[in-house]
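Residue numbering for the sequence shown follows our numbering, beginning at 157 and increasing consecutively.
No residue lacks a Cβ here, since even glycine has one placed at the ideal position from N, Cα and C.
On a predicted model such as this, the values are computed, not experimentally measured, just so you know.
What follows is one structure encoded as structure tokens, with my remarks underneath.
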Amino acid sequence: MVLIHSVKYAGFLRLIQIIILIYSVIYLLIYEKGYQKQSTAIVSSVSLK
């Protein structure tokens, strides 16, 4: 566990975490529609007896 004695520094770190979370939700999921991306690679399998 990390103990931070500076309230300003702890608030700054929390703000950075919130900015990263908002970025990932808005840009990656909504703007880029990352949840809809599908792989275009052809997948095949061969089994031998």
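Rounded to the nearest angstrom, the gap between the Cα atoms of Ser180 and Tyr165 is 23 Å. For Ser180, the three-state secondary structure derived from DSSP is helix.
Val163 carries a helical assignment under DSSP once its states are collapsed to helix, strand and coil.
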